[in-house]
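Visitor: In my numbering, the protein residues as written are 1 to 328.
Where a beta carbon is used, it is the ideal one built from N, C-alpha and C, also for glycine.
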Amino acid sequence: MRKAFITGITGQDGRHLAELLHSKGYKVFGMMKGQHNPRSEMIRDEFPFVEIVPGDLTDLTSLVTALEYAQPDEFYNLGAISFVAMSFNQAELTANVTGLGVLRALEAVRIVGGAQNNPIRFYQASSSEMFGKVREVPQTELTPFHPRSPYGVAKVFGHNITMNYRESYGLFACSGILFNHEGPRRGLEFVTRKITNTAARIKLGVEKELVLGNIDAKRDWGYAGDYVKAMWLMLQQDEPDDYVVATGETHSVEEFLEITFSKVGLGDWRQFVRQDQKFFRPAEVDLLIGDPSKAKTKLGWKPEVSFEQLVDMMVTHDLEYESARLNK
Ligand code: F7E
């Protein structure tokens, strides 16, 4: 039985990936930090097949101990401080977890190694935030980075150190440069879920308005369930490499609002939305659009869920989820 080790198991991608790997017959280990982590119950209830292993990306010894215990074939490093806005306020923590955490994970892989004829394969969750103030449109694996947040800077370090360990020590280490990916499991702090969830609450009469920051920003939004398939495919290749994972389409936050409010049946979003300076960022990423040609050609990967279907899936989920909460 193949074994996979996932950091960030409680996040959106960790949960999608755990499901995918379980369906493929893997034994799945999920690393979780802290004492009495309240999310461990969620994982236990939702995914009883996941074995929780204690560990923390800021503690190399804990990573080595966790890998020695799990002896995985594949290591997916999805753990991070992933909220860009928060990274401006907790820049040092972000650098430590999202940046240096990757170095510690790679060191742990180098130390534990895995079976001689079957070394641990490593996946790093790189991000389109690395492109920041974009140097070209669309962005490819070769587009230079210009990060615009402490999060983006930390991800550039993670990306480069992964490449460096591949070149220096011959590790089977890949980075997926994933553009924004969403779905019903997205945290409520991210703009897409904030919009679909608040719109559902307005529809149900429990909220009056939606307060946002910059609605002109454009993103290449895909479905998280599609994107974890690309992660897995990268680790099944003969050679390690880096890949852009994106839809190749871009939409503004305003477009997301428009479709959501019309699907919920509230009409014109302008009646419900207010902008507040506190949700604007010190430096913004204005436009992201990825070119997934390499992933399509080499991995045979393509996104299955369209932008409209994604919004629809999230709106439908949030209307059901919020009315179930009301009726409790
Ligand atoms: O913001 C604007 C905001 O926080 C999207 C993470 O998964 O994707 C994600 O990063 C846009 C930005 O995602 C609000 O200024 C307006 O322009 O949903 P977001 P993100 O920053 O693009 C990348 C690929 C990652 O790697 C990250 O980990 O929406 N925006 N008003 C707002 N954003 C939020 N969160 N809240 C607002 O009220």
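Let me confirm a value: Asn197 is counted as buried when at least 16 other C-beta atoms fall within 10 Å, else exposed. Which label applies?
Guide: Classification of Asn197: buried, given that the 10 Å Cβ count is 16 or more.
Visitor: Residues in the same chain with beta-carbon distance under 8 Å from Leu299, minus the five sequence neighbours each way, listed in chain order, please.
Guide: Ala230, Leu233, Met234, Gln237 and Tyr243, listed in sequence order.
Visitor: State the DSSP-derived secondary structure class of Phe131, mapped to helix, strand or coil.
Guide: If DSSP states are grouped into helix, strand and coil, Phe131 belongs with coil.
Visitor: Would you kindly check if the distance between the Cβ of Gly213 and the Cβ of Phe256 is under 8 Å?
Guide: Contact flag unset, no.
Visitor: What does a CB cutoff of less than 8 Å around Arg185 pick up in its chain, not counting 5 residues either side in sequence?
Guide: The residues are Gln12, Arg15, His16 and Ala224.
Visitor: Is it the case that the Cβ atoms of Ser149 and Glu129 are separated by a distance below 8 Å?
Guide: Their beta carbons are under 8 Å apart, which means Ser149 touches Glu129 by this criterion.
Visitor: Is Tyr243 helix, strand or coil by DSSP?
Guide: Strand, per DSSP.
Visitor: Contact between the segment 80–100 and the segment 130–138 is defined here as three or more beta-carbon pairs at a separation below 8 Å; is this criterion met?
Guide: In short, these stretches do not touch, since the Cβ pair count stays below three.
Visitor: Starting from Met231, trace the alpha helix (DSSP H) in both directions and tell me its first and last residue.
Guide: Where Met231 is concerned, the enclosing alpha helix (DSSP H) stretches over Ala224 to Met234.
Visitor: Counting pairs of beta carbons, one from the segment 303–322 and one from the segment 113–125, are three or more of them closer than 8 Å?
Guide: These segments do not touch.
Visitor: Phe131: buried (16+ other C-beta within 10 angstroms of its C-beta) or exposed?
Guide: With 16 or more other Cβ atoms within 10 Å, it is buried.
Visitor: Please name the residue, chosen from Lys24, Val102 and Leu21, that lies closest to Leu60 on a Cα-to-Cα basis.
Guide: The candidate whose alpha carbon is nearest that of Leu60 is Val102.
Visitor: Which runs of the alpha helix (DSSP H) fall wholly inside the segment 22–62 and span at least 4 residues, in chain order?
Guide: Taking only runs of at least 4 residues, the alpha helix (DSSP H) segments lying wholly in the segment 22–62 are 39–46.
Visitor: Is there contact here, the segment 264–274 with the segment 149–159, by at least three beta-carbon pairs under 8 Å?
Guide: No: the two stretches stay apart, fewer than three of their Cβ pairs being nearer than 8 Å.
Visitor: Going by DSSP, what residue range makes up the beta strand (DSSP E) through Lys3?
Guide: It spans Lys3 to Thr7 - the beta strand (DSSP E) in which Lys3 sits, taken as one unbroken run.
Visitor: Do Asp220 and Thr333 count as a contact pair if the criterion is CB distance below 8 Å?
Guide: One cannot answer for residue 333 here, as it falls past the ends of the chain, which runs 1 to 328.
Visitor: Using the rule of at least 16 other Cβ atoms within 10 Å of the residue's Cβ for burial, across every protein chain shown, is Gln275 buried or exposed?
Guide: It is exposed - the Cβ of Gln275 has fewer than 16 other Cβ atoms within 10 Å.
Visitor: Output needed for Ile111: all residues of its chain with C-beta closer than 7 Å, excluding positions within five of it in sequence on either side, in chain order.
Guide: Counting only Cβ-Cβ distances below 7 Å, and skipping sequence neighbours, we find Val64.
Visitor: For His146, does the three-state DSSP call read helix, strand or coil?
Guide: DSSP places His146 in coil when its eight states are reduced to three.
Visitor: How would you call Met31, buried or exposed, if buried means at least 16 neighbouring beta carbons within 10 angstroms?
Guide: Buried, because 16 or more other Cβ atoms sit within 10 Å of the Cβ of Met31.
Visitor: How about Val84: is its Cβ closer than 7 Å to a heavy atom in the ligand GDP?
Guide: Among the ligands present in this structure, namely the ligand F7E, the ligand GDP is not found.
Visitor: I think Lys33 touches Gly8, with their Cβ atoms under 8 Å apart; what is that distance to the nearest whole Å?
Guide: So it is not a contact: roughly 10 Å between Cβ atoms.
Visitor: Suppose you measure from the CA of Gly114 to the CA of Asn77; what does that come to, to the nearest Å?
Guide: Their backbone Cα atoms lie some 16 Å apart in a straight line.
Visitor: Is Ile215 a contact residue of the ligand F7E, with contact defined as CB to any heavy atom under 7 Å?
Guide: Flag set: Cβ of Ile215 near the ligand F7E.
Visitor: Name, in chain order, the residues that DSSP records as bridge partners for Arg121.
Guide: Paired residues: Glu74.
Visitor: Is it the case that the CB of Val191 approaches a heavy atom of the ligand F7E more closely than 7 Å?
Guide: Result yes, Cβ under 7 Å from the ligand F7E.
Visitor: Do you know whose CA, among Tyr321, Arg2 and Ala18, lies nearest Lys203's CA?
Guide: For Lys203, the nearest C-alpha among the options comes from Tyr321.
Visitor: Restricting to Cα atoms, I'd like to know which of Asp241, Asn180 and Leu210 is closest to Gly222.
Guide: The option with the nearest alpha carbon to Gly222 is Asn180.
Visitor: Can you name the start and end residues of the alpha helix (DSSP H) that Ala105 belongs to?
Guide: Ala105 -> alpha helix (DSSP H) spans Gly101 to Val112.
Visitor: So what does Arg219 bridge to, in DSSP terms?
Guide: Partner(s): His251.
Visitor: Which residues in the same chain have their Cβ closer than 6 Å to the Cβ of Leu210, if we skip the five residues on either side of it in sequence?
Guide: Closer than 6 Å at Cβ, skipping near neighbours: Thr198, Phe272 and Val273.
Visitor: If you follow the beta strand (DSSP E) that Ser175 is part of, which residue opens it and which one closes it?
Guide: Ser175 -> beta strand (DSSP E) spans Ala173 to Leu178.
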